[in-house]
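For reference, the structure discussed in these notes is given below.
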Amino acid sequence: MAQLVAEQLSEHGPSGGHGHAQDPEHAQNPYLAHHFDTPRHQFEAGKLGIWIFLITEILFFGGLFCAYAIYRSLHPEVFIYAHYYLDTFWGAVNTGVLILSSLTAAWAVRNAQLGQRQMLIFNIVATVILACCFLCVKYVEYSHKFHERTLPGRYFNPEHEVWELPSYQKAHAHAAGHTAAALESHGEAAAPQAEPVPPGTPPALGGAEVKQAPPGAPVRPRNVGVFFSIYFCMTGLHGIHVVAGIITWLWILRKTLRGEFGPSNFGAVDYAALYWHLVDLIWIYLFPLLYLIH
Amino acid sequence: MSDHKHAGNGSPESGDEQRGGHDTELAHVTPVRLLLTIWGALMVLTVMTVGVTLVDFGGQTNFVIAMAIATVKAGLVATYFMHLRWDRPFHTLIFLGSLLFVSLFISMTLLDKSEYEGSIQEMYLKKGQ
Chain H
0 MAQLVAEQLS
10 EHGPSGGHGH
20 AQDPEHAQNP
30 YLAHHFDTPR
40 HQFEAGKLGI
50 WIFLITEILF
60 FGGLFCAYAI
70 YRSLHPEVFI
80 YAHYYLDTFW
90 GAVNTGVLIL
100 SSLTAAWAVR
110 NAQLGQRQML
120 IFNIVATVIL
130 ACCFLCVKYV
140 EYSHKFHERT
150 LPGRYFNPEH
160 EVWELPSYQK
170 AHAHAAGHTA
180 AALESHGEAA
190 APQAEPVPPG
200 TPPALGGAEV
210 KQAPPGAPVR
220 PRNVGVFFSI
230 YFCMTGLHGI
240 HVVAGIITWL
250 WILRKTLRGE
260 FGPSNFGAVD
270 YAALYWHLVD
280 LIWIYLFPLL
290 YLIH
Chain V
0 MSDHKHAGNG
10 SPESGDEQRG
20 GHDTELAHVT
30 PVRLLLTIWG
40 ALMVLTVMTV
50 GVTLVDFGGQ
60 TNFVIAMAIA
70 TVKAGLVATY
80 FMHLRWDRPF
90 HTLIFLGSLL
100 FVSLFISMTL
110 LDKSEYEGSI
120 QEMYLKKGQ
């Protein structure tokens with residue numbers, strides 16, 4: 000279309016006012032917008048734009064990281080207690096999936112730059128599939144949390160006490176009495192703020208039997224639900240970004256199938272990949288912060 | 000650097016796009032071998048960060064190690080996958096600038112974190128918990 004416009008404009012003659020209509024750069028490159036002089040001009044402007052967007056994203060997530068920092072520094076015992084409810088295995092799998100998708104995204108940029116259409120399509124599709132895998136794992140994790148009722152704030156009412164969890168038992172297999180020491184060794188101490196679970200309290204839905212804590216089992220600190228508020232906010236916001244990434248990649252795929260990308264026009268692939276790497280980068284921090292609390 | 004490649008070289012499908020002419024070399028093309036190396040390093044670091052949790056270093060050391068590994072990973076992603084190494088330094092500058100402001104935000108807020116702890120404890124005392 001831009002080409003058509005360029006042709007129409009050029010009918011006004013070479014001396015006609017606006018100048019760039021006769022510019023061979025614009026006449027030959029349908030993907031060079033008329034307000035940019037050269038493909039480089041267009042590419043650099045887009046690149047600066049996407050970087051500024053990424054900066055706002057970092058600041059946006061900064062608020063949640065701040066909430067995390069405040070609550071963890073005030074109540075480390077809550078984080079130690081709550082992290083047994085997360086499955087490190089799935090967190091690690093998702094980390095691997097996202098890192099692999101970052102590789103395919105970076106490779107896609109290379110393919111676009113070199114005009115390798117088949118490989119570009121392959122890498123975009125791979126990125127989308129990996130992003131969907133990430134969301135599937137997230138679905139498994141979230142539904143498990145809903146079933147277990149390890150939910151945010153006052154809705155935290157778990158089906159299982161912490162000592163019943165495999166992750167807890169594994170960590171404390173050879174030192175049953177080590178438990179209390181482990182919790183207390185992390186500063187502020189569980190003891191004064193702890194709220195012992197009354198033995199008569201029904202643990203959860205339909206839990207008729209009274210669970211007797213084994214000796215040395217940690218008492219549940221107050222407000223464990225806040226950890227899950229932070230967990231769901233951080234992973235949820237990240238998940239929304241993954242969904243947005245999938246939509247972006249599908250849009251890039253559509254443009255690829257139309258044959259829009261090549262050595263002088265690969266900006267959109269590059270920008271999408273930069274966004275995708277940022278999503279990966281945030282997960283790189285979320286994984287140890289949420290799953291690998293020691 | 001020897002691994003610089005000119006965009007468009009040796010690609011059979013690029014002819015059509017190259018009509019634009021001289022300005023095809025818009026950005027550095029990352030070699031496949033480098034991409035795979037970075038990916039391998041990221042995977043190794045991920046395994047490392049999980050493995051490190053099995054050892055108790057005491058105090059805050061585990062947390063510091065986990066964050067250090069995460070930062071190395073983030074650095075690799077930003078430097079190579081995000082092209083910052085070959086990009087305009089200005090992009091690195093604003094990227095690091097945003098991290099600076101996030102850390103200012105968090106550390107300034109942390110300075111103030113215990114401001115209301117007294118009244119919170121009082122509230123729990125009143126509620127008898």
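Chains as they are written, first to last, in numbering that gives the first Met the number 0: chain H, 0 to 293; chain V, 0 to 128. C-beta: ideal position from N, C-alpha, C; glycine also.
What distance in whole Å lies between the Cβ atoms of residue j and residue i, which are believed to be in contact at a cut-off of 8 Å?
{"i": "I54 of chain H", "j": "F94 of chain V", "result": "7 Å"}
{"i": "M42 of chain V", "j": "I246 of chain H", "result": "The pair is not a contact, with the Cβ atoms about 27 Å apart (cut-off 8 Å)."}
{"i": "I283 of chain H", "j": "A40 of chain V", "result": "That belief does not hold up - the Cβ atoms of I283 of chain H and A40 of chain V are roughly 13 Å apart, past 8 Å."}
{"i": "T149 of chain H", "j": "L291 of chain H", "result": "No, T149 of chain H and L291 of chain H are not in contact; Cβ-Cβ is about 18 Å, not under 8 Å."}
{"i": "L289 of chain H", "j": "L85 of chain H", "result": "6 Å"}
{"i": "L63 of chain H", "j": "K112 of chain V", "result": "16 Å between Cβ atoms; not a contact."}
{"i": "V49 of chain V", "j": "N61 of chain V", "result": "So it is not a contact: roughly 12 Å between Cβ atoms."}
{"i": "E158 of chain H", "j": "E147 of chain H", "result": "5 Å"}
{"i": "A44 of chain H", "j": "F35 of chain H", "result": "7 Å"}
Tell me the DSSP bridge mates of residue i?
{"i": "G261 of chain H", "result": "H:N264"}
Please check if any C-beta of chain H sits within less than 8 Å of the C-beta of residue i.
{"i": "K126 of chain V", "result": "no"}
{"i": "L25 of chain V", "result": "yes"}
{"i": "V49 of chain V", "result": "yes"}
{"i": "V43 of chain V", "result": "no"}
{"i": "W38 of chain V", "result": "yes"}
{"i": "Y115 of chain V", "result": "no"}
{"i": "T78 of chain V", "result": "no"}
{"i": "S118 of chain V", "result": "no"}
{"i": "L95 of chain V", "result": "no"}
{"i": "L109 of chain V", "result": "yes"}
{"i": "M66 of chain V", "result": "yes"}
{"i": "M81 of chain V", "result": "yes"}
Is there a Cβ from chain V that is less than 8 Å from the Cβ of residue i?
{"i": "H276 of chain H", "result": "yes"}
{"i": "W248 of chain H", "result": "no"}
{"i": "E166 of chain H", "result": "Here residue 166 of chain H is Ser; the residue named in the question, Glu, does not match the sequence. Output row for S166 of chain H: interface = no."}
{"i": "I98 of chain H", "result": "yes"}
{"i": "P202 of chain H", "result": "Unreliable placement is indicated for P202 of chain H, whose pLDDT of 47 sits below 50; the coordinate value is still reported in the next sentence. No, P202 of chain H does not count as interfacial toward chain V."}
{"i": "R253 of chain H", "result": "no"}
{"i": "W106 of chain H", "result": "yes"}
{"i": "I229 of chain H", "result": "no"}
{"i": "W89 of chain H", "result": "no"}
{"i": "I283 of chain H", "result": "yes"}
{"i": "P213 of chain H", "result": "no"}
{"i": "P38 of chain H", "result": "yes"}
{"i": "L289 of chain H", "result": "no"}
{"i": "L273 of chain H", "result": "yes"}
{"i": "T94 of chain H", "result": "yes"}
{"i": "F121 of chain H", "result": "no"}
{"i": "G48 of chain H", "result": "no"}
{"i": "R153 of chain H", "result": "no"}
Just to confirm before moving on: does the CB-CB distance between residue i and residue j stay below 8 Å?
{"i": "S97 of chain V", "j": "I281 of chain H", "result": "no"}
{"i": "T255 of chain H", "j": "L119 of chain H", "result": "yes"}
{"i": "L83 of chain V", "j": "H90 of chain V", "result": "yes"}
{"i": "P262 of chain H", "j": "Q112 of chain H", "result": "yes"}
{"i": "F42 of chain H", "j": "G266 of chain H", "result": "yes"}
{"i": "F231 of chain H", "j": "G90 of chain H", "result": "no"}
{"i": "D279 of chain H", "j": "V76 of chain V", "result": "yes"}
{"i": "V268 of chain H", "j": "I251 of chain H", "result": "yes"}
{"i": "Y83 of chain H", "j": "I229 of chain H", "result": "no"}
{"i": "L44 of chain V", "j": "I64 of chain V", "result": "no"}
{"i": "R219 of chain H", "j": "Y30 of chain H", "result": "no"}
{"i": "F80 of chain V", "j": "I37 of chain V", "result": "yes"}
{"i": "V96 of chain H", "j": "F133 of chain H", "result": "yes"}
{"i": "A68 of chain H", "j": "G244 of chain H", "result": "no"}
{"i": "I123 of chain H", "j": "Y274 of chain H", "result": "no"}
{"i": "G114 of chain H", "j": "V101 of chain V", "result": "no"}
{"i": "A104 of chain H", "j": "A272 of chain H", "result": "yes"}
{"i": "L135 of chain V", "j": "P38 of chain H", "result": "Residue 135 of chain V cannot be examined here, being either before or after the span of chain V that is shown, 0 to 128."}
{"i": "K169 of chain H", "j": "G238 of chain H", "result": "no"}
{"i": "T78 of chain V", "j": "R109 of chain H", "result": "no"}
{"i": "V127 of chain H", "j": "W248 of chain H", "result": "yes"}
{"i": "Y167 of chain H", "j": "V161 of chain H", "result": "yes"}
{"i": "W106 of chain H", "j": "L34 of chain V", "result": "yes"}
{"i": "C65 of chain H", "j": "T70 of chain V", "result": "no"}
Alpha helix (DSSP H) runs contained entirely in the segment 20 to 66 of chain H, provided each spans 4 or more residues: Within the segment 20 to 66 of chain H, the complete alpha helix (DSSP H) segments of 4 residues or longer fall at 23 to 27, listed in chain order.
Please list the segments of the alpha helix (DSSP H) lying wholly inside the segment 48 to 118 of chain V, counting only runs of 4 or more residues, in order along the chain. With a minimum length of 4 residues, the continuous alpha helix (DSSP H) runs that stay inside the segment 48 to 118 of chain V are 60 to 75 and 88 to 110.
In chain order, each alpha helix (DSSP H) run of at least 4 residues that lies wholly inside the segment 64 to 127 of chain H: Unbroken alpha helix (DSSP H) stretches of 4 residues or longer found wholly inside the segment 64 to 127 of chain H: 75 to 81 and 87 to 113, given in chain order.
Sequence ranges, beta strand (DSSP E) only - wholly within the segment 136 to 167 of chain H, length at least 3: List check, beta strand (DSSP E) in window: nothing returned.
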